[in-house]
Amino acid sequence: MTGATGAARALARCDALAELSSLPGAVERVSFSPEHRGANALVGGWMAEAALLVRQDAAGNVCGRLEGERPGLPALVLGSHLDTVTDAGRYDGMLGVLLAIEVADRIDTRSLPFALEVIGFTDEEGTRFGNALFGSRAFAGRVGDDWLATPDRKGVTVAQAMTGFGLDPTSIGDAARRPEDLVGYLETHIEQGPHLLDAGRSLGVVTAIAGARRFALQVTGRAGHAGGTPYARRRDAAVAAAEIVIAVERISIETGTIGTVGRIRAFPGGVNVVPGVCRFSLDLRAEQDEQRDAAFARIDAAAREVCERRGVTWSWEELYRADATTCDPALVAAIESGIRAAGDDEPMRIWSRAGHDGMAVTDVTGIAMLFLRCGNDGISHHPDETVTEADTADALEAFAAAVLAVADQHRA
Ligand code: HGY
Ligand code: MN
Ligand code: MN
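All residue numbers for the sequence shown refer to my numbering, where the first residue is 90 and numbers rise by one.
Below, the structure is given as structure tokens:
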């Protein structure tokens, strides 16, 4: 299979996976759902076609393995995630798993000084339960009982969803991998931003992944009649929240961090009722954890000032935290040599504003990432997410060459 046809096949398979959605006419595939089951079966079949030995691990990740020059060697793992956000694009995560299968299909692993594994992680996005990186945290042995007790919006906990999926949540520890069984982790992913596009580059090597924290924020005032309640006597939770959302944008820009309020709801939600409660999300990320944490301290102080002035109360809960992750220098060098093999003599270095499974996998082995250009102004987490077949072919060439570069490092 040449790079071009391998790329075409990977893109066609992204289209096939996009059909496995809980939303008619849009893409949404959350963990421990029928769509998750379908995606694992489809991707597991493609792994088997590439002669990988396929299994589903105790966390619901789909895994494939090819032995190296002798059986039982530590593995270089290639992968990404198969779950999506709501109304998603079709390449975020999926393309990385499918290009990993193409690499496994092209390389004769019997010449490698390590085994080659491909993994399709579940629940990287946290769409269903709020917390993210579930599959990769389980791979790193970092999923605890409190996480398993987390409910989705219908009150179904992770443990109950796993049981319904046919998994035993008490065996989640069986998904954990030992550092001594791993050589490293390489992930190919769309950039999900405009930087490669603006630089006129098809590929980039990731040096670090932004640290992120996610919060549930709440303002509590007092509901009242939309007509009969004079402004001077209102304790309007939604107007206070609106001031805080503006403060999030202002403080994020001032501190060079990236704050987003993606979800906001007013309660009780009547069009003729002054909102008594407003619940909203905050996704806050930065290249350095200290930057991110200092920005949150400023947002928290600004919110307290707004709420005191408006006679309402402020509260927040942290749902998720993943610290900034530096990529392994040797694996970064392997990705750079892969990019050179694909025809780009000066690989562009970039830090990832998007979060990735490597933030969890780094707890058990070194990680590195290959980015490929996003079209359509770099849009992602949106149905207009797009890549070209030519860039995908470049990425496949670079990804395969990076694996061979890791092998050369190991032989040296
Ligand atoms: O949120 C992120 O950055 C990633 O797409 N999960
Ligand atoms: Mn995503
Ligand atoms: Mn992703």
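Backbone N, C-alpha and C fix where the C-beta goes; we use that ideal spot for every residue, glycine too.
- Chain order is used for the residues whose beta-carbon lies nearer than 5 Å to a heavy atom of ligand 3, namely D181 and G182.
- Following the DSSP letters along the chain, one finds D372 in no alpha helix (DSSP H) but inside the beta strand (DSSP E) bounded by residues V366 to A375.
- In this structure, E214 has its CB closer than 6 Å to one or more heavy atoms of ligand 2.
- Rounded to the nearest angstrom, the gap between the Cα atoms of F218 and V366 is 22 Å.
- Under DSSP, C152 takes part in a beta bridge, and its partners are R144 and I208.
- Restricting attention to D480, P283, R126 and V360, the CA atom closest to the CA of I428 is found in D480.
- In this structure, ligand 1 has a non-hydrogen atom nearer than 6 Å to the beta-carbon of A443.
- Separation of I468 and A331 (C-alpha to C-alpha, rounded to the nearest whole angstrom) is 25 Å.
- Annotation: T475 to E394 spans about 42 Å, alpha carbon to alpha carbon.
- The C-beta separation of A301 from D372 comes to about 7 Å, placing the pair in contact by the 8 Å criterion.
- Contact between F223 and A148 holds, with the beta-carbon distance rounding to 7 Å and staying under 8 Å.
- Close CB contacts of R398 within its chain, under the 6 Å cut and outside five residues either way in sequence, are absent.
- At a cut-off of 4 residues, the continuous stretches assigned as alpha helix (DSSP H) that sit fully inside the stretch 102 to 147 are 123 to 138.
- Ranking V308, T349 and D378 by CA distance to the CA of P357 puts V308 first.
- Fewer than three Cβ pairs drawn from the stretch 341 to 349 and the stretch 307 to 324 lie within less than 8 Å of each other, which leaves the two stretches out of contact.
- Listed in chain order, the non-local C-beta contacts of L141 below 7 Å within the same chain comprise G153, R154, L155, A193 and V207, local neighbours out to five positions each way being set aside.
- When the Cα atoms are used, D378 and R118 turn out to be separated by approximately 30 Å.
- Under the DSSP assignment, R352 falls outside any alpha helix (DSSP H); it carries neither an H nor an E label.
- F228 has no beta-bridge partner at all, per DSSP.
- Less than 7 Å separates the beta-carbon of D446 from that of F210.
- T216 counts as buried, since no fewer than 16 other beta carbons sit within 10 angstroms of its beta carbon.
- Excluding residues up to 5 positions away in sequence, L188, T277, L292, L459 and L461 lie with their Cβ nearer than 7 Å to the Cβ of A484 in the same chain.
- Within the same chain, P283 and L286 come within 8 Å of D466 by CB-CB distance, once the 5 residues on both sides are set aside.
- CA-CA distance, S110 to R323, rounds to 43 Å.
- Annotation for D212: S120, D172, F223 and G224 place their beta carbon closer than 6 Å to its own, counting only its chain and skipping 5 residues before and after.
- Apart from the 5 residues on each side of it in sequence, V362 sits with its Cβ closer than 8 Å to the Cβ of A312, G313, H314 and A315 in its chain, given in chain order.
- For the pair G230 and G400, the Cα-to-Cα distance works out to about 45 Å.
- Secondary structure of R311 (DSSP, three-state): strand.
- Taking C-beta separations shorter than 7 Å and ignoring five residues to either side along the sequence, the partners of R144 in its chain run C152, following chain order.
- Assignment of beta-bridge partners to E407 by DSSP yields F304.
- If you look at E486, you'll find it in the alpha helix (DSSP H) that goes E478 to R500.
- Runs of the alpha helix (DSSP H) lying entirely within the stretch 163 to 217 and spanning at least 4 residues, in chain order: 183 to 195.
- Check the Cα spacing between A411 and each of V492, E425 and A443: the tightest is with A443.
- Take A139, set aside five residues on each side of it, and the residues of its chain with a beta-carbon closer than 6 Å to its own are I190, A193 and D194, in chain order.
- Between D104 and G310, the alpha-carbon positions lie close to 47 Å from each other.
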